[in-house]
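Numbering of the sequence shown is given in this note's numbering, commencing with residue 137 and proceeding in unit increments.
Here a beta-carbon is modelled for each residue, glycine too, at the ideal position from N, C-alpha and C.
The structure under discussion appears below in the form of structure tokens.
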Amino acid sequence: MLKATFHFPPDFIWGVSTSSHQVEGGNENNQWWDWEAEEGHIKGGDRSGAACDWWHRAEEDFDRAAEMGLKSLRLSIEWSRVEPEPGRFDDAALERYRSMLEGLRQRGLEPMVTLHHFTNPRWLEKQGAWINEGTIAYFARYVERVVQALGHEARLWCTINEPNVYASLGYLIGDFPPGHHDLKEGLLVLRHLLEGHAAAYHTIHRLQPTAQVGLAHNFLVVEPANPRAFLDRTAARLSDWAYNGMLLTALQKGLLLPPMGTAYLPHLRRTLDWIGLNYYSRIHLAFDRHAPEMLYTRIVADEKAEMMDGNYGELYPKGLYRALKRLARLNLPIYITENGIPDADDDRRPRALLLHLRQLWWALQENLPIRAYYHWTLVDNFEWIDGWSLRFGLFELDPATQARKRRPSADLYAAIAQGNAITPDLVEAYAPEAWEHLYPDAGAPPAEEAAL
Ligand code: IFM
């Protein structure tokens with residue numbers, strides 16, 4: 137069997153990704169802090185607490201990323217720190233972010249700055265946050281202030297992280313704050329987030345014409361539980377549209393289509409310099425006439441699927457290739473802004489990393505315009521409703537002592553980034569069990585499923 141080396145393009149960017157509330161610690165002034173304090177919301181009653189203490193020691197982890205040979209780090213700005221009260225901006229908080237970004241650049245790490253990653257200032261949440269149209273203007277005002285303060289340290293901006301996750305978990309499923317179960321609300325929130333993105337895009341470009349602005353889309357591969365059943369197929373298609381297609385169409389064409397609405401919003405068009413892909417998993421859906429609030433679907437477990445820790449979902453590397461093919465239809469540079477796996481003992485991450493990167497490599501062979509891959513994440517961090525129970529880090533964290541321990545997959549990722557390639561030696565050393573999946577079909581790209 138030919139055991140080839142898989143090379144990546146010379147200017148390919150290897151990075152890691154994270155978000156403010158998950159790493160900074162002490163973010164007492166946002167809605168998640170309150171949500172965590174209420175019983176029953178977070179697994180094991182966990183709290184973000186001091187998180188990874190980035191507010192005081194982010195630079196120590198920047199050293200780790202730089203030492204691995206990475207070229208970029210994605211982090212987010214915490215709105216509740218920058219604007220703790222409506223219209224009052226905190227210069228000291230902005231200065232801390234400025235020094236973080238400077239610290240990244242000094243270490244050869246280009247910052248990618250996310251402006252909204254799930255958290256809202258408490259004052260905004262109290263008045264309904266993204267359910268209100270007025271939040272779009274508040275967001276643009278905050279973005280303006282951030283870009284004025286930090287624009288000379290960053291040019292790569294991600295306006296909003298995973299609008300579909302924020303809207304569906306907060307307003308449909310109810311796991312995220314404010315814990316509602318209302319499809320109509322969810323769709324309205326989604327629309328406002330998209331408009332917030334557009335407002336941010338125009339604001340950033342007004343202040344910084346050379347900026348590169350995008351949005352991170354969480355792409356879920358959605359398939360029918362029974363591909364032969366018409367109703368399952370239809371239900372899966374509809375959910376795929378509502379979760380993936382509808383949002384991407386709105387951003388590409390400025391068209392709001394049902395169920396989000398019916399409108400042409402020209403200011404939404406051409407508001408992406410790149411599109412971000414957060415990819416983790418796939419689901420299988422069956423038609424369920426008793427679940428109108430879930431677009432008449434229910435999730436059906438696939439017996440054959442390999443599940444990730446804590447029932448996080450199916451480990452499905454090929455979905456990365458499929459997601460990339462889908463996003464390539466937008467004709468924009470693609471940044472893989474997140475991809476990773478919860479795996480506390482690191483016994484699956486090396487294989488998962490290799491298999492996902494192999495799919496990415498296939499996509500690159502087809503000349504898909506993929507510029508970067510950001511692994512989620514550098515150091516174990518606060519995983520929202522799963523608290524500290526899910527560990528996504530290349531480094532293990534003990535939140536009580538703040539001690540970090542390098543996992544083998546950090547070495548593997550560093551070697552790939554430094555060599556800009558996956559070599560047979562690396563496969564042999566870190567995940568020999570991945571051989572058969574990495575090399576079985578060296579001549580043919582993975583078939584693209586008809587459903588997509
Ligand atoms: O931790 C999250 C992140 O905040 C958003 N995307 C998915 C990650 C893993 O669940």
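Asked: Would you report the Cα separation of A187 and M248, rounded to the nearest angstrom?; Found: 21 Å
Asked: Kindly indicate the opening and closing residues of the beta strand (DSSP E) around L533.; Found: 531 to 534
Asked: Which of the three DSSP states, helix, strand or coil, is assigned to S212?; Found: strand
Asked: Tell me the DSSP secondary structure of Y509 in three-state form.; Found: strand
Asked: Quick check on the DSSP output: the beta strand (DSSP E) that includes N354 runs from which residue to which?; Found: 348 to 360
Asked: Going along the chain, which residues of its own chain have a beta-carbon closer than 6 Å to the beta-carbon of P453, five neighbours each way excluded?; Found: L491, H492, Q495
Asked: Residue range of the beta strand (DSSP E) that Y415 falls in?; Found: 410 to 423
Asked: If we ignore side chains and look at the alpha-carbon of each, how far apart do Y415 and N297 end up?; Found: 12 Å
Asked: Please look up how many angstroms separate the CB atoms of W524 and F518, rounded, as I've assumed it's under 8 Å.; Found: 7 Å
Asked: Looking at the secondary structure, which residues open and close the beta strand (DSSP E) in which N475 lies?; Found: 470 to 475
Asked: When burial is assigned at 16 or more other CB atoms within 10 Å of the CB, is D482 buried or exposed?; Found: buried
Asked: Give me, in chain order, the residues of the same chain whose beta-carbon lies closer than 7 Å to that of Q388; leave out the 5 immediate sequence neighbours on both sides.; Found: L466
Asked: Do the CB positions of Y379 and V358 come within less than 8 Å of each other?; Found: yes
Asked: May I ask you to check if the CB of W512 is nearer than 7 Å to at least one heavy atom of ligand 1?; Found: yes
Asked: Taking three-plus beta-carbon pairs below 8 Å as touching, is the segment 552 to 559 in contact with the segment 193 to 203?; Found: no
Asked: Mind the definition here: the segment 424 to 438 touches the segment 469 to 487 only if three or more C-beta pairs lie below 8 Å; say whether that holds.; Found: no
Asked: Opposite F142 in the DSSP bridges: which residues?; Found: I558
Asked: Within the segment 202 to 289, note down every full alpha helix (DSSP H) run reaching 4 residues or more, in order along the chain.; Found: 215 to 218, 227 to 242, 258 to 262, 270 to 286
Asked: Rounded to the nearest angstrom, what separates D197 and N503 at their Cα positions?; Found: 33 Å
Asked: Comparing C-alpha positions only, which one of A334, L209, S216 sits nearest to G239?; Found: L209
Asked: For G403, tell me which candidate among P394, M396, A386 has the shortest Cα-Cα distance.; Found: Here residue 403 is His; the residue named in the question, Gly, does not match the sequence. Residue A386 is the option with its Cα nearest to H403.
Asked: Let's see if you can read the secondary structure: which residues bound the beta strand (DSSP E) around G390?; Found: Note, G390: premise wrong, no beta strand (DSSP E); not H, not E.
Asked: Taking its Cβ as the centre, do 16 or more other Cβ atoms sit within 10 Å of A578, making it buried, or is it exposed?; Found: Interpretation of A578 is limited by its pLDDT of 44, a score under 50 that renders its predicted location unreliable; no figure is taken from the coordinates.
Asked: Given that a residue counts as buried once 16 or more other Cβ atoms are within 10 Å of its Cβ, and exposed if not, what is M137?; Found: Any reading at M137 needs caution, since the residue's pLDDT is 49, under 50, leaving its predicted position unreliable; the model's value is listed next. Label assigned to M137: exposed.
Asked: Sort out for me which residues DSSP pairs N297 with in a bridge.; Found: A352
Asked: When burial is assigned at 16 or more other CB atoms within 10 Å of the CB, is Q158 buried or exposed?; Found: buried
Asked: Have a look at F144 and W520 and give me their C-alpha separation to the nearest angstrom.; Found: 33 Å
Asked: Any heavy atom of ligand 1 closer than 7 Å to the CB of S155?; Found: yes
Asked: Counting only C-beta atoms, is L308 closer than 8 Å to chain D at any point?; Found: No chain D appears in the structure shown, which is made up of a single protein chain.
Asked: Apart from the five residues just before and just after Q284, which ones in its own chain have a Cβ nearer than 7 Å to its Cβ?; Found: L343
Asked: Taking the straight line between their C-alpha atoms, what separation do you get for H316 and G306?; Found: 6 Å
Asked: Measuring alpha carbon to alpha carbon, tell me which of A488, V282, V515 ends up nearest Y233.; Found: V282
Asked: Between which two residues does the beta strand (DSSP E) holding S153 run?; Found: 149 to 153
Asked: Given that a residue counts as buried once 16 or more other Cβ atoms are within 10 Å of its Cβ, and exposed if not, what is R540?; Found: buried
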